[in-house]
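Trainee:
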Ligand SMILES: Nc1ncnc2c1ncn2[C@@H]1O[C@H](COP(=O)(O)OP(=O)(O)OP(=O)(O)O)[C@@H](O)[C@H]1O
Ligand SMILES: [Mg+2]
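Residue numbers (the working numbering): -14 to 424.
1. Can you give the Cα-Cα distance for residue 363 and residue 215, rounded to whole angstroms?
2. Helix, strand or coil: how does DSSP classify residue 189 here?
3. Among residues of its own chain, excluding the 5 on either side of residue 92, which ones have a beta-carbon nearer than 8 Å to its beta-carbon?
4. Distance, Cα to Cα, residue 10 vs residue 1?
5. Report yes if the C-beta distance between residue 25 and residue 107 is below 8 Å; otherwise report no.
6. Measuring only between beta-carbons, confirm whether residue 292 sits less than 8 Å from chain C.
7. I'd like to know if the segment 64 to 83 and the segment 119 to 127 are in contact, where contact means that at least 3 CB-CB pairs between them fall below 8 Å.
8. When every heavy atom of ligand 1 is checked, does at least one fall within less than 7 Å of the C-beta of residue 201?
9. Mind checking residue 289: buried by the 16 CB within 10 Å criterion, or exposed?
10. Let's see if you can read the secondary structure: which residues bound the beta strand (DSSP E) around residue 80?
11. Between residue 256 and ligand 2, is there a pair consisting of the residue's CB and a ligand heavy atom that are separated by less than 7 Å?
12. At the level of alpha carbons, what is the spacing between residue 234 and residue 166?
13. Hey, residue 371 and residue 356: beta-carbon distance below 8 Å or not?
14. Hey, is the segment 236 to 251 in contact with the segment 213 to 227, meaning 3+ C-beta pairs nearer than 8 Å?
15. According to DSSP, residue 65 sits in a beta bridge with which residue or residues?
16. Counting beta carbon pairs with one atom in the segment 13 to 33 and one in the segment 184 to 191, are three or more of them shorter than 8 Å?
17. Indicate the three-state DSSP secondary structure (helix, strand or coil) for residue 423 in the structure shown.
18. Taking Cβ positions, are residue 402 and residue 379 nearer each other than 8 Å?
19. When the Cα of residue 262 is compared with those of 131, 71, -7, 227, which residue comes out closest?
20. Taking the alpha helix (DSSP H) that residue 184 belongs to, which residues open and close that run?
21. Name, in chain order, the residues that DSSP records as bridge partners for residue 248.
22. Does residue 369 come out as helix, strand or coil in the three-state DSSP assignment?
23. Taking residue 12 as the reference, which of 348, 365, 156 has the closest Cα?
24. Any heavy atom of ligand 1 within a distance shorter than 7 Å of the CB on residue 325?
As structure tokens, this is what we get:
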């Protein structure tokens, strides 16, 4: 996948709300933890000057260098268990040597004979006392250990009036978290986009599946009115169905198609909703249209047209009822519907009956176009069986949901039964602005 800067910006724009929400949550969480959960830590520092006794006389340059190196030795002595134990006894502390040493940092200041002892503690007074105690213990014990030095305490740690904690630093933590999460969010968005193999409108061309694009249907802003061509004929959604009708009608005319099946790869991709509106739009052009709900497993057309589903295709196929008994007139002139009827135990076998072919012959005499709503192709075989009775098939693709590989697989399965795939309709397009919507 070749990503250009403009593609990256679009990806970031699309995922920006999630990135911003994640960043706000992370920064707020960091702030809360820094302010209310982490205990403030205070620091106190004591500095020591250790002079070898012979420094009082004149000494050579080499001796000065050697003495500077000794500072490293002093830092190790200060951090020794012996000194730490002595500090614990002097201050009567109730902690272990290891715990105490974790609070202490001893640093030899470069190019000097000065050593700084820094203690971190949640209690500023205790930090001061421990830092000073380390310095005193070192001074008292060093002459015994090395026998030569003279230790003076340069700067004793003191308790300030308003000691400021050295950590946590809420603002710095929050700024760091902001950059971390924001950048991670952008990388994650690009990564997810690259992993996402669903069909997108962006960059979609008819060549992708070798099928013409017959229409693009936006995601409806409203929940209820599904028959937009009937209930809201002036809406942009209805207009999109009329565009679809133009393209489909052209195909039907030029390819001499009378029965058209609409299917998709998987459930809930909008097959029934689209075929119902297409049927209304086609009937509005004064063509005699029949819409058959051939989804015998999950019939939905009767719900869209608010009609009963007590009788239907299953009754004709089992020979229980005549055709005239199951055809239902709709509110839309020129449009009739045959619901699926009661859900049978064996839908695939029922659809495979020779009776269906006869039925299609009869219906073609009565109607200009017959539209067959179908179950999805990949999960069940019914869609492939139905393709035998249809003159052509149109595939619905749900943008951002239907996988490209599934479309290729469904196309292969339909071609395998000699179905004539004439194009695709992209559903759930989301970029249409809601304020364009009017009734
Ligand atoms: N463009 C759209 N905007 C808003 N809602 C939609 C759109 N397309 C479909 N839907 C809704 O999605 C749901 C599934 O649609 P529909 O039943 O038409 O899909 P289907 O592919 O026929 O499903 P099934 O495989 O179960 O037959 C329905 O509630 C329908 O109203
Ligand atoms: Mg359906």
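Quick reminder that beta carbons are idealized off the backbone N, C-alpha and C, glycines included.
Mentor: If we stick to the structure as given:
1. Their backbone Cα atoms lie some 31 Å apart in a straight line.
2. Secondary structure at residue 189: coil, using DSSP grouped into helix, strand and coil.
3. 60, 100, 101, 103
4. 14 Å
5. In this structure, residue 107 lies closer than 8 Å to residue 25 by Cβ.
6. The structure shown contains no chain C, having only a single protein chain.
7. yes
8. no
9. buried
10. Counting along the chain, residue 80 falls outside any beta strand (DSSP E), and DSSP gives it neither H nor E.
11. yes
12. C-alpha separation (whole angstroms): 52 Å.
13. no
14. At 8 Å Cβ cutoff, the stretches do not touch.
15. In DSSP, residue 65 forms no bridge with anything.
16. no
17. Because residue 423 carries a pLDDT of 36, less than 50, the predicted location of this residue cannot be relied on, and the following value inherits that uncertainty. It is coil, neither helix nor strand.
18. no
19. 227
20. Per DSSP, residue 184 belongs to no alpha helix (DSSP H) and is neither H nor E.
21. 380
22. helix
23. 156
24. Checking every heavy atom of ligand 1 against the Cβ of residue 325, none is found closer than 7 Å.
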